[in-house]
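Novice:
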Amino acid sequence: RMHFLEPLSCAAWFAMKQIRVGVLVGSGCDAFCVEKMCECLDKNGKKRFDVRRIRLDAIAGDPGLLQDVEVILVGGGEDDSSFCWGCGQREALGAEGLAVVREHVAQKGAAYLGICAGAYLGSKKEGSLGLCDALIFNSDEGKEVFACG
1377 RMHFLEPLSC AAWFAMKQIR VGVLVGSGCD AFCVEKMCEC LDKNGKKRFD
1427 VRRIRLDAIA GDPGLLQDVE VILVGGGEDD SSFCWGCGQR EALGAEGLAV
1477 VREHVAQKGA AYLGICAGAY LGSKKEGSLG LCDALIFNSD EGKEVFACG
């Protein structure tokens, strides 16, 4: 005779374990933003987050860096004066790195949280990750604007 356990709610499952978060860092990432994201997770996470920093430019050469990461967190970019948000992050990842991150989210089930330029990186904009359906258009000043919802 088989016995079935009650399924855990998502919240209950996450409350029981430490969540492995990969914060992407390096070229194209604003160092202040990275520090504040990590600080927020460390101080407010009550040890629920195992935070590790992963260099964007290392992912293509070592896809195993993301192996057990459950949440990929990408913050703001340092290229805010550019008319194209997230350019530095895309360049640092390169085509191979973009493919590794895309596969880790789409095929392996990791969550992706992009803030500011990190949201552009996750968008369907050409050369980006293609993870979320968002409208990107140019403002009257020629600056890219991101809209979703």
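If you want the numbering used here, it's the 1-based position in the sequence shown plus 1376.
In this text, a Cβ means the ideal position worked out from N, Cα and C, and glycines have one as well.
Could you tell me the alpha carbon to alpha carbon distance between residue 1504 and residue 1435, rounded to whole angstroms?
Specialist: Their backbone Cα atoms lie some 15 Å apart in a straight line.
Novice: Within the same chain, show all residues whose beta-carbon is closer than 8 Å to that of residue 1470, passing over the 5 residues directly before and after it, in chain order.
Specialist: These residues qualify, in order along the chain: 1433, 1436.
Novice: With DSSP run on the structure shown, which of helix, strand or coil describes residue 1489?
Specialist: Here residue 1489 sits in strand by DSSP.
Novice: If the criterion is Cβ atoms closer than 8 Å, does the pair residue 1441 and residue 1413 meet it?
Specialist: Contact: no.
Novice: Does the distance from the C-beta atom of residue 1401 to that of residue 1426 stay below 8 Å?
Specialist: Not closer than 8 Å, so no.
Novice: Distance, Cα to Cα, residue 1508 vs residue 1481?
Specialist: So the alpha carbons of these two residues sit roughly 11 Å apart.
Novice: Using the C-alpha atoms, what's the distance from residue 1493 back to residue 1453?
Specialist: So the alpha carbons of these two residues sit roughly 5 Å apart.
Novice: From the DSSP output, read off the bridge partner residues of residue 1405.
Specialist: DSSP output for residue 1405 lists 1453 as bridge partner(s).
Novice: Please classify residue 1446 as buried or exposed, where buried requires at least 16 neighbouring CB atoms within 10 angstroms.
Specialist: Looking at its Cβ environment, which holds 16 or more other Cβ atoms inside 10 Å, residue 1446 is buried.
Novice: From the DSSP output, read off the bridge partner residues of residue 1400.
Specialist: Bridge partners of residue 1400: 1430.
Novice: Let's test the definition: count the other Cβ atoms within 10 Å of the Cβ of residue 1465 and tell me whether it reaches 16, buried, or not, exposed.
Specialist: Classification of residue 1465: buried, given that the 10 Å Cβ count is 16 or more.
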